[in-house]
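For the sequence shown, full-length UniProt numbering gives the first residue as 1, with consecutive numbering after it.
Heads up: the structure comes next, in structure tokens.
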Amino acid sequence: MASYFDEHDCETLDREQDARTNMLLELARWARAGRGGALGGSLFNRMDLEDLGLVVDWDHHLPPPAAKAAVESLPRTVISGSQAELKCPVCLLEFEEQETVIEMPCHHLFHSNCILPWLSKTNSCPLCRHELPTDDDTYEEHRRDKARKQQQQHRLENLHGAMYT
1 MASYFDEHDC
11 ETLDREQDAR
21 TNMLLELARW
31 ARAGRGGALG
41 GSLFNRMDLE
51 DLGLVVDWDH
61 HLPPPAAKAA
71 VESLPRTVIS
81 GSQAELKCPV
91 CLLEFEEQET
101 VIEMPCHHLF
111 HSNCILPWLS
121 KTNSCPLCRH
131 ELPTDDDTYE
141 EHRRDKARKQ
151 QQQHRLENLH
161 GAMYT
């Protein structure tokens, strides 16, 4: 029987790293609970959590739920005769004529009973992964950084291509 760490393709922390992580988490809990007073709060706010290894790697984790305001603002669409042959991508049942469904910004249609539980767990369309905003500030910052990096890479590729045309 394989060990837990072999099954999940991960390694155990060494004792020093484990102790350091536990100490930092305790400090964060202490400061967040207000027991650190002004010093604890300011210390916690100044900590660079990325340097401490306590930042989530969003590229390898499920994104947070969609923001409640974004979900509530999704348009409701009434299925017309020409759309009645379409199926909900989640439950695979055909939409009925005059049925009200939820339309994602990517224009995919879903039964509300199918898409709302999904969006309460993650912020993306189950078909194309188009993302809705979240209430998680760290994830939103990650999205902005990722977009900036993609834009920078695109500019570099275009610049390189322009030099040889």
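Idealized CB from N, CA, C, for every residue including glycine.
- Within the same chain, Cβ atoms closer than 6 Å to the Cβ of D136 are found at P64, the five residues on either side in sequence being excluded.
- In the DSSP assignment, I115 falls within the alpha helix (DSSP H) that extends over 112-119.
- Closest option to Q83, judged by alpha-carbon separation, among E97, V90, C91: E97.
- The continuous beta strand (DSSP E) containing V78 extends over residues 76-78.
- Nearest to P89 by alpha-carbon distance, out of E26, T100, P126, is P126.
- Bridge pairing for L109: E103 [DSSP].
- Within the same chain, and ignoring the five residues on either side of L119 in sequence, the residues whose Cβ sits closer than 8 Å to its Cβ are P65, A66, V71, L132.
- Looking only at F95, S73, A69, K68, the smallest Cα-Cα distance to I79 is reached by F95.
- Within the same chain, and ignoring the five residues on either side of C114 in sequence, the residues whose Cβ sits closer than 7 Å to its Cβ are C88, V90, C91.
- When secondary structure is reduced to three states using DSSP, S82 falls in the helix class.
- Per the DSSP secondary-structure output, T134 pairs in a beta bridge with A66.
- In terms of CA proximity to H130, E103 leads the group Q152, E103, T77.
- Note on T134: 16 or more other CB atoms within 10 angstroms of its CB, so buried under the neighbour-count rule.
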